[in-house]
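Enquirer:
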Amino acid sequence: MLELLNQLDGFSSDGVIAATNRADILDPALMRSGRLDRKIEFPHPTEEARARILQIHSRKMNVHPDVNFEELARSTDDFNGAQLKAVCVEAGMLALRRDATEVNHEDFNEGIIQVQAKKKASLNYYA
Numbered sequence: 001m002l003e004l005l006n007q008l009d010g011f012s013s014d015g016v017i018a019a020t021n022r023a024d025i026l027d028p029a030l031m032r033s034g035r036l037d038r039k040i041e042f043p044h045p046t047e048e049a050r051a052r053i054l055q056i057h058s059r060k061m062n063v064h065p066d067v068n069f070e071e072l073a074r075s076t077d078d079f080n081g082a083q084l085k086a087v088c089v090e091a092g093m094l095a096l097r098r099d100a101t102e103v104n105h106e107d108f109n110e111g112i113i114q115v116q117a118k119k120k121a122s123l124n125y126y127a
């Protein structure tokens, strides 16, 4: 930690960008003026954006025409982009396991359930 602080103090006018999903556990010394003193939050995507993200990550999949991405987006209220991608991966794997030629709406629903379970397990890890 000390080396990182020394490096941050040694930068000239060049900017430094850092990212974390756990700002709550950062050392306050990192956040002091002149180091990482600006905080830019990127909120979770809106419902419309979540539907679009699901569509983007499943565009190379053979998706059944009855899949309703808007409905799926309503079930992913607190998901970020990476978690939405994980939903698509899980849905694809579920379809593969049942030797299906298309990924259906139920595969996506089950993918959401699996990602939610992983989210909950991850939160328990930090508790």
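In case it helps, full-length UniProt numbering puts the sequence shown at residues 1 to 127.
Glycine is no exception: its CB is placed at the ideal position from the N, C-alpha and C atoms.
Predicted model only: the values in this text are computed from it and were never measured.
Measure how close the beta-carbons of residue 68 and residue 105 come, nearest whole angstrom, since I'm counting them as under 8 angstroms.
Expert: Residue 68 sits at position 68 when you count from the first residue of the sequence shown. Residue 105 sits at position 105 when you count from the first residue of the sequence shown. Residue 68 to residue 105, Cβ: 6 angstroms. Contact.
Enquirer: First and last residue of the alpha helix (DSSP H) that includes residue 69?
Expert: Sequence index remark: in the sequence shown, residue 69 carries index 69 (1-based). Segment 69–74, the alpha helix (DSSP H) holding residue 69.
Enquirer: From residue 33 to residue 39, what distance separates their C-alpha atoms?
Expert: To locate residue 33, count along the sequence shown from 1; it is residue 33. To locate residue 39, count along the sequence shown from 1; it is residue 39. For residue 33 and residue 39, the distance between alpha carbons rounds to 11 angstroms.
Enquirer: Please determine if the segment 53–68 and the segment 23–32 are in contact, where contact requires at least 3 C-beta pairs separated by less than 8 angstroms.
Expert: Judged by Cβ distances under 8 angstroms, the segment 53–68 makes no contact with the segment 23–32, as fewer than three pairs qualify.
Enquirer: Out of 121, 88, 93, point me to the one whose CA is closest to residue 55's CA.
Expert: As a first step, residue 55 is located in the sequence shown; it is residue number 55 there, counting from the start. If we check each option's Cα against that of residue 55, 88 comes out closest.
Enquirer: Looking at the structure shown, is residue 89 part of a helix, part of a strand, or coil, going by DSSP?
Expert: Counting from one through the sequence shown, the residue named residue 89 turns up at place 89. Three-state result, residue 89: helix.
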